[in-house]
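First residue of the sequence shown: 1172, per this note's numbering; consecutive thereafter.
Ideal Cβ positions, reconstructed from N, Cα and C, are used throughout, including at glycine.
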Amino acid sequence: MARHSDENWGINTRLAHSGHDPHAYFGFVNPPVVHASTVLFPDAATMAGRTQKYTYGTRGTPTTDALCAAIDELEGSAGTILVPSGLAAVTIPLLAFLSAGDHVLIVDSVYAPTRNFANTMLKRLGVEVDYYDPHAGSGIAALMKPNTKVVFTESPGSNTFEMQDIPAIAAAAHAGGAVVMMDNTWATPLYFKALDFGVDVSIHAATKYPAGHSDVLLGTVSANAACWARLHETFLTMGCCAAPDDVYQVLRGLRTMGVRLEHHRRSALEIAQWLETKPGVARVLHPALESHPGHALWRRDFNGSSGIFSIVLDGGGQKEAHAFLDALEIFGLGYSWGGYESLAVPVFLGDRTIAKGPQEGPVIRLQIGLEDVADLKADIERGLAAASLR
Ligand SMILES: *Cc1c(COP(=O)(O)O)cnc(C)c1O
């Protein structure tokens, strides 16, 4: 049974206690990892009556209930589904709310695989897809069509970190009868509580900070009361359920997410501020920096900043970017983020149609892990020296 924690508790207290009541399972502090397909019924009447709480593994277990309850508490949502990856957490709600003949507006700074899904599968299914400027704000009203059913947001944007005015976009989208979805992976519900700002469906790659250790793939999708039934029905229809060990690991990760995020936040901001002073760096794309064009929006709506941002090298091209990346000894070259270790990747923006991104030089994304800041700075110094732009 889920236990609902006191809403006056601080966030770390809630993260430590939400989702599972130990006394509902013999006092064990953690919920059991239930591996399940078949669930038995006591008799035929119960089977026919459809009243038993658990009926089949794809439809939920005590393990998935514990994580769903914890996420609902963080999001303030009516219900949450758990899916096998962050990408599935994007595709399932889009399939839930879009039909042939509908129109969807997607922010141009969206996570690239979201764009790929829209451009291939949504178009094949007869959905009209348009991209919009992340800075559109209430101007999104002019892009709404009578058949616009979903406005998809992601703030800050992937790799380039443009901030969106979510309340303004949500108001305009709702006025036109559309559902507002947000890929809120960057902030987690700790730093941006999407449903409080007009979002109807909040999406997370729990692979990132909730899991936190670069080993588990999982997605969560949380909906408000108006959107929950349709999201849940689609989830059951698709059979796209997450595996019990992964669900357990993400609930385990949530317990420490507050302290990990605070460390990521502080280290990343310190390194971003330091990078602003470095020759060879044209710009730092981090919304918590005062120099960031979206800083005022970030300050107005967000409670914190996480550990991933980008730098723009001051000139040069692929040769300089590769020299920077190859000189790094602590930062690994690899995709994803939110784990304990630092990562760097070259950013490709060739698929953008509106938010083309910085032009001064190559863009490199940095995920700041839990290592010591002095060591990370020394590593970045090695990269900048190798790129030798100044
Ligand atoms: C990583 C990521 C995803 C996808 O998560 P996976 O678990 O890797 O599939 C979705 N959206 C954003 C913004 C991401 O950064």
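When Cβ pairs closer than 8 Å are counted between the two stretches, the region 1269-1284 is seen to touch the region 1298-1308, the count reaching three or more. The residue from 1282, 1531, 1493 with its alpha-carbon nearest to that of residue 1329 is 1282. In this structure, 1502 is the residue among 1463, 1179, 1502 with its C-alpha nearest to the C-alpha of residue 1543. For ligand 1, residues qualifying as neighbours are 1256, 1257, 1258, 1282, 1354, 1356, 1376, 1378, 1388, where qualification means a beta carbon closer than 5 Å to at least one of its heavy atoms (chain order).
Shortest Cα-Cα distance from residue 1446 to any of 1481, 1187, 1424 involves 1481. Judged by DSSP in its simplified three-state form, residue 1517 adopts strand.
Residue 1217 and residue 1223 do touch by the CB rule: their CB atoms are close to 6 Å apart, below 8 Å.
For the pair of segments examined, the region 1502-1520 was found not to touch the region 1262-1269: the number of CB pairs separated by less than 8 Å stays below three. In terms of Cα proximity to residue 1417, the closest of 1396, 1442, 1398, 1387 is 1387.
Assigned with DSSP and collapsed to three states, residue 1225 falls in coil, not helix or strand.
As the crow flies, the alpha-carbon of residue 1211 is around 14 Å from that of residue 1205. The three-state reading of DSSP puts residue 1299 in strand, counting E and B together.
Inter-segment contact for the region 1398-1411 and the region 1513-1529 is absent: fewer than three beta-carbon pairs are separated by less than 8 Å.
The beta carbons of residue 1495 and residue 1555 sit closer together than 8 Å. Between the C-alpha atoms of residue 1500 and residue 1535 there is a straight-line separation of about 16 Å.
The alpha-carbon of residue 1294 is positioned some 13 Å away from that of residue 1262. Judged by DSSP in its simplified three-state form, residue 1294 adopts helix. The beta carbon of residue 1468 is closer than 7 Å to those of 1334, 1336 in its chain, skipping five residues each way along the sequence.
Excluding the 5 residues flanking it on each side, residue 1403 has same chain C-beta neighbours closer than 7 Å at 1250, 1252, in chain order. Looking at the DSSP output, residue 1503 sits in a beta bridge with 1514.
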